[in-house]
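Participant: Right, I'll just put the structure down here and ask away after.
Structure (structure tokens):
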């Protein structure tokens, strides 16, 4: 189902990339500044993925501590612990869906974090 | 929290009836999103959520870590940076926006990305389930080439990370083909991997759906950054010069933060040339 949604028109919409690449470049410091590409690229690809899928970006490059970005990082930490603990029966994606679903009612990122660590 | 965020978009999308969505599609307006297209296939909020969450997770980190590894490796190969930048400048100049055609035709750019994905496949270990009873033949010394039986439903784990660094499945080491564990984009000048010896996106019916999108995103990003910057340098945090190890969770990320210095190209000088 999803495969046919990756149409040429959608894949080749370079305006989408340009907008975020511009933001990325504006965050890159020159003059001997050590840029943390780990942080920058995680935000960059999240901003592109959310705009591509929802039509609106979460804008995490400009606001890296956004609740959404943190929640995603948390789910991934927990998910990976599950995978290593041997619960690899389900596909990774299924795991993340279950977890996001589990967290759906937990709104503040604080209680979210507490919950995640007890689960792991 | 993530669910709540996504649900608000799904709700908005499903509030439109299929006819409206069709109209929106025809208008080719910018607010016709992936979600709208998905809603043409299914009206089930759960199905839509599952697909979207899957794509969000599958696309975001894999692309991010590939870009990190690419700049980490490239920063230690000034000759490759120069060659790549020359290719980019001669194809698109210093400030023109690249077109899909440009991006698809930059050979060395592809080599740099392919080499990054060979040495650092974004998903280092993966699993497939057997759809029927079968036998896997092996050449590994440890099991003396004995075949392994796999029953229907069995999980088979495999590692692109381990395989794509195996000297024994690639050409012998030579001046044009450095050892498999070395980052060398130039090895692709005259080399195409044999089928199934290079599988960063996997293969078969379940090959990565986002492959073309991901490649386009990476090609675009590298091109724009190297148009702007001519020099990149690795910063070794706290004097740490150990080679970067991989943190293999679901996605294989660099174990430490990738710190890079950029130096802007002197555009006035380049204009004259």
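Chains as they are written, first to last, in my numbering: chain P, 19 to 138; chain E, 43 to 315. Just so you know, even glycine gets a beta-carbon here, dropped at the ideal spot from N, CA and C.
(1) Secondary structure at residue 301 (chain E), three-state DSSP: helix, strand or coil?
(2) Could you spell out where the beta strand (DSSP E) holding residue 114 (chain E) opens and where it closes?
(3) Just confirm the distance between the C-beta atoms of residue 105 (chain E) and residue 302 (chain E), as a whole number of angstroms; I'd bet it's less than 8 Å.
(4) Could one say the Cβ of residue 263 (chain E) lies closer than 8 Å to chain P's Cβ atoms, at least one of them?
(5) Among E:52, E:101, E:144, which one has its Cα closest to the Cα of residue 250 (chain E)?
(6) Report the rounded CA-to-CA distance for residue 47 (chain E) versus residue 86 (chain P), giving the unit in angstroms.
(7) Check the DSSP bridge columns for residue 167 (chain E) and list the partner residues they point to.
(8) Determine the chain E residues that contact residue 54 (chain P) at a beta-carbon separation under 9 Å, and present them in chain order.
(9) Since I believe residue 235 (chain E) is in contact with residue 229 (chain E) (beta carbons under 8 Å), could you give me their beta-carbon distance rounded to a whole number of angstroms?
(10) For residue 139 (chain E), which of P:28, P:54, P:36 has the nearest alpha-carbon?
(11) Go through its chain and collect everything with a Cβ distance to residue 147 (chain E)'s Cβ below 8 Å, but skip five positions before and after it.
(12) Determine the direct distance from the alpha carbon of residue 276 (chain E) to that of residue 307 (chain E), and round the result to whole angstroms.
(13) Residue 110 (chain E) touches chain P at which residues, Cβ-Cβ below 7 Å?
(14) Whole angstroms is fine: what's the gap from residue 143 (chain E)'s alpha carbon to residue 131 (chain E)'s?
(15) Below 8 Å between beta carbons: does that hold for residue 75 (chain E) and residue 73 (chain P)?
(16) Does the count of Cβ pairs from the stretch 199-206 of chain E and the stretch 163-182 of chain E closer than 8 Å reach three?
(17) Hey, is residue 270 (chain E)'s beta-carbon within less than 8 Å of any beta-carbon in chain P?
Facilitator: Looking at the atomic coordinates:
(1) For this step, residue 301 (chain E) is matched to residue 259 along the second chain. In this structure, residue 301 (chain E) counts as strand in the three-state DSSP scheme.
(2) Counted from its first residue, the second chain places residue 114 (chain E) at position 72. Per DSSP, residue 114 (chain E) belongs to no beta strand (DSSP E); it is in the alpha helix (DSSP H), 87-116.
(3) Locating residue 105 (chain E) in the second chain gives position 63, counting from the first residue. Locating residue 302 (chain E) in the second chain gives position 260, counting from the first residue. That belief does not hold up - the Cβ atoms of residue 105 (chain E) and residue 302 (chain E) are roughly 17 Å apart, past 8 Å.
(4) Start at 1 with the first residue of the second chain, and residue 263 (chain E) comes out as number 221. It does: the Cβ of residue 263 (chain E) has a partner Cβ on chain P nearer than 8 Å.
(5) Position 208 of the second chain, counting from 1, holds the residue named residue 250 (chain E). Answer by Cα proximity: E:101.
(6) The residue labelled residue 47 (chain E) in the question sits at position 5 within the second chain. The residue labelled residue 86 (chain P) in the question sits at position 68 within the first chain. Looking at the two C-alpha atoms, the distance is approximately 8 Å.
(7) Reading the second chain from its first residue, position 125 is the one you call residue 167 (chain E). Per DSSP, E:201.
(8) As a first step, residue 54 (chain P) must be located in the first chain, where it is residue number 36. By Cβ distance, chain E contributes 299, 300, 301, 302.
(9) Taking the first residue of the second chain as 1, we reach residue 229 (chain E) at position 187. Taking the first residue of the second chain as 1, we reach residue 235 (chain E) at position 193. For a cut-off of 8 Å, the C-beta gap from residue 229 (chain E) to residue 235 (chain E) is around 10 Å, too long to register as a contact.
(10) Counting from one through the second chain, the residue named residue 139 (chain E) turns up at place 97. The shortest C-alpha separation from residue 139 (chain E) is found at P:36.
(11) Reading the second chain from its first residue, position 105 is the one you call residue 147 (chain E). Only 133 meet the Cβ criterion.
(12) Here residue 307 (chain E) corresponds to residue number 265 of the second chain, with the count starting at 1. Here residue 276 (chain E) corresponds to residue number 234 of the second chain, with the count starting at 1. When rounded, the distance between both Cα atoms is 17 Å.
(13) Counted from its first residue, the second chain places residue 110 (chain E) at position 68. The contacting residues are 55, 56, 59.
(14) In the second chain, the residue the question calls residue 143 (chain E) occupies position 101. In the second chain, the residue the question calls residue 131 (chain E) occupies position 89. When rounded, the distance between both Cα atoms is 15 Å.
(15) Locating residue 75 (chain E) in the second chain gives position 33, where the first residue counts as 1. Locating residue 73 (chain P) in the first chain gives position 55, where the first residue counts as 1. Going by C-beta atoms, residue 75 (chain E) is nearer than 8 Å to residue 73 (chain P).
(16) yes
(17) Along the second chain, read from residue 1 onward, the residue named residue 270 (chain E) stands at position 228. Closer than 8 Å to some Cβ of chain P, the Cβ of residue 270 (chain E) qualifies, so yes.
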